[in-house]
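Respectively, the protein sequence lines represent chains E and X. 1027 is the number of the first residue of the first sequence in our numbering; add one for each residue after it. 2 is the number of the first residue of the second sequence in our numbering; add one for each residue after it. Quick notes on the structure that follows.
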Amino acid sequence: GNSVTQMEGPVTLSEEAFLTINCTYTATGYPSLFWYVQYPGEGLQLLLKATKADDKGSNKGFEATYRKETTSFHLEKGSVQVSDSAVYFCALSDVRVQGAQKLVFGQGTRLTINP
Amino acid sequence: GAGVSQSPRYKVAKRGQDVALRCDPISGHVSLFWYQQALGQGPEFLTYFQNEAQLDKSGLPSDRFFAERPEGSVSTLKIQRTQQEDSAVYLCASSLVWSTQETQYFGPGTRLLVL
């Protein structure tokens, strides 16, 4: 079945460092890909998404490109801030009955940014 | 506007008790999803509604789990005869339409602890 594999955490970086969180997927068909973020004490929020191959999603300085040839959707940010400390989840949509958008999530990567 | 709300936010139950978890989706959202998130893991799909119709319940772990959305808005997830392995955060999400490209908006979750 469909699955998502994320870079294992936790990841600890200094402020202004470059961030990459790897995400690869296995899917039949052409899923949409998502990054969700969970800040401490808050619910899951959509960070960015890409719906077809070679699309680039971006938001708040984060970017990820849908690479069909490598089945990857790596999350990157050029200069992280303390406020980026959170748990990041990669996910894909899995078409089920009548186009339902069941999400399949990776296990999450905890990111801590030190000042 | 108002986001997805869930109640209660925390629930402690004794093993064998029945519990009911409520989800209020964003007004007008057609699709509603329930996910289960174990500690340190990504969310896992439980069930999906399109309006009042439950179109996919393949993720419900046992027949002790039951979900309904009788009027196509508020949904309730019921767990009968709770077991310790049911301890998790239960997340509700809604989306405007049923599409693999559509963003799901998550509620804050209900943290269930079964003693």
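No residue lacks a Cβ here, since even glycine has one placed at the ideal position from N, Cα and C. These numbers were taken from a predicted model, which means no experiment stands behind them.
Run of the beta strand (DSSP E) containing Gly1053 (chain E), from where it starts to where it stops: Within the first sequence, residue 1053 (chain E) is the residue found at index 27, counting from 1. The residue asked about is misnamed: residue 1053 (chain E) is Ala in this sequence, not Gly. First-last for Ala1053 (chain E): undefined, no H or E at that position.
Quick one, which of E:Gly1027, E:Tyr1051, E:Thr1138 has its alpha-carbon nearest Thr1096 (chain E)'s? Here residue 1096 (chain E) corresponds to residue number 70 of the first sequence, with the count starting at 1. If we check each option's Cα against that of Thr1096 (chain E), E:Tyr1051 comes out closest.
Glu1034 (chain E) to Trp1061 (chain E) span [Cα, whole Å]: Indexing the first sequence from 1 puts residue 1034 (chain E) at position 8. Indexing the first sequence from 1 puts residue 1061 (chain E) at position 35. C-alpha separation (whole angstroms): 15 Å.
Delimiting residues of the beta strand (DSSP E) encompassing Leu1072 (chain E): Mapped onto the first sequence, residue 1072 (chain E) falls at position 46. Here the beta strand (DSSP E) through Leu1072 (chain E) covers 1070-1076.
Which of the residues in the stretch 1064-1077 of chain E, read from start to end, lie with their CB under 8 Å from any CB of chain X? Glu1068, Gly1069, Leu1070, Gln1071, Leu1072, Lys1075, Thr1077
If you draw a straight line from the alpha carbon of Gly43 (chain X) to that of Gln7 (chain X), how long is it in whole angstroms? Counted from its first residue, the second sequence places residue 43 (chain X) at position 42. Counted from its first residue, the second sequence places residue 7 (chain X) at position 6. Taking the straight line from one Cα to the other gives about 19 Å.
Enumerate in chain order the residues of its own chain whose CB-to-CB distance from Tyr1065 (chain E) is below 7 Å, with the five nearest sequence positions on each side excluded. Indexing the first sequence from 1 puts residue 1065 (chain E) at position 39. Once the five neighbours on either side are set aside, the close Cβ partners of Tyr1065 (chain E) are Ala1112.
Check the C-beta distance from Gln38 (chain X) over to Leu116 (chain X) and give it rounded, since I have them as a contact under 8 Å. What you label residue 38 (chain X) is simply residue 37 of the second sequence in a count that begins at 1. What you label residue 116 (chain X) is simply residue 115 of the second sequence in a count that begins at 1. So it is not a contact: roughly 19 Å between Cβ atoms.
Pull up the CB-CB distance for Leu113 (chain X) and Val20 (chain X), whole angstroms please, since I reckon it's below 8 Å. Taking the first residue of the second sequence as position 1, residue 113 (chain X) is located at position 112. Taking the first residue of the second sequence as position 1, residue 20 (chain X) is located at position 19. Contact holds; Cβ gap of about 7 Å.
DSSP on Gln42 (chain X), reduced to helix/strand/coil? Working through the second sequence from its first residue, we reach residue 42 (chain X) at position 41. Reduced to three states, the DSSP call for Gln42 (chain X) is coil.
Less than 8 Å between C-beta atoms, sequence neighbours within five positions excluded: which residues of the same chain meet that for Lys12 (chain X)? In the second sequence, counting from the first residue as 1, residue 12 (chain X) sits at position 11. The answer, listed in chain order, is Val20, Leu22, Thr111, Arg112, Leu113, Leu114.
Hey, could you find the ends of the beta strand (DSSP E) Asp25 (chain X) is sitting in? Here residue 25 (chain X) refers to the residue found at position 24 when the second sequence is read from its first residue. That run of the beta strand (DSSP E) goes 20-25.
Since Asn1085 (chain E) and Leu1073 (chain E) are thought to touch, with beta carbons under 8 Å apart, how far apart are those beta carbons, to the nearest angstrom? The residue labelled residue 1085 (chain E) in the question sits at position 59 within the first sequence. The residue labelled residue 1073 (chain E) in the question sits at position 47 within the first sequence. The Cβ separation is near 6 Å, so the contact holds.
Residues in the same chain with beta-carbon distance under 6 Å from Arg82 (chain X), minus the five sequence neighbours each way, listed in chain order, please. Translated into the one-based positions of the second sequence, residue 82 (chain X) becomes position 81. The residues are Gly17, Arg65.
The stretch 12-42 of chain X: positions lying closer than 8 Å to chain E by Cβ: Ser32, Phe34, Tyr36, Gly41, Gln42
In angstroms with no decimal places, state the Cα-to-Cα distance between Asp1080 (chain E) and Thr1091 (chain E). Along the first sequence, one-based indexing puts residue 1080 (chain E) at 54. Along the first sequence, one-based indexing puts residue 1091 (chain E) at 65. Approximately 6 Å between the Cα atoms of the pair.
Is there a Cβ from chain E that is less than 9 Å from the Cβ of Gly73 (chain X)? Numbered from 1 along the second sequence, position 72 holds the residue referred to as residue 73 (chain X). Chain E, which has no Cβ nearer than 9 Å to the Cβ of Gly73 (chain X), makes this no.
With respect to the beta strand (DSSP E) encompassing Gln7 (chain X), which residues constitute its N-terminal and C-terminal limits? Locating residue 7 (chain X) in the second sequence gives position 6, counting from the first residue. Residues 6-8.
Quick check: is the beta carbon of Tyr1051 (chain E) nearer than 9 Å to any beta carbon in chain X? For the purposes of this step, residue 1051 (chain E) is identified with residue 25 of the first sequence, where counting begins at 1. For Tyr1051 (chain E), the answer is no, since every Cβ of chain X falls outside 9 Å of its Cβ.
Does Leu1129 (chain E) come within less than 9 Å of chain X when only Cβ atoms are used? As a first step, residue 1129 (chain E) must be located in the first sequence, where it is residue number 103. Yes, its Cβ sits closer than 9 Å to a Cβ of chain X.
Residues of chain E with CB closer than 7 Å to the CB of Pro44 (chain X), please, in chain order. By 1-based counting over the second sequence, the position of residue 44 (chain X) is 43. Within chain E, the residues near Pro44 (chain X) are Phe1131.
Measure the CB-CB distance between Leu1118 (chain E) and Leu1045 (chain E) and report whether it falls below 9 Å. In the first sequence, residue 1118 (chain E) corresponds to position 92, counting from 1. In the first sequence, residue 1045 (chain E) corresponds to position 19, counting from 1. Cβ distance not < 9 Å, so Leu1118 (chain E) and Leu1045 (chain E) don't count as in contact.
Does the beta-carbon distance from Ala89 (chain X) to Gly108 (chain X) come in below 9 Å? Here the question's residue 89 (chain X) lines up with position 88 in the second sequence. Here the question's residue 108 (chain X) lines up with position 107 in the second sequence. No, Cβ-Cβ distance for Ala89 (chain X) and Gly108 (chain X) is not below 9 Å.
With Leu47 (chain X) and Leu61 (chain X) assumed to form a contact (beta carbons below 8 Å), what rounded beta-carbon distance in angstroms separates them? As a working note, residue 47 (chain X) is residue 46 in the second sequence. As a working note, residue 61 (chain X) is residue 60 in the second sequence. Leu47 (chain X) to Leu61 (chain X), Cβ: 6 Å. Contact.
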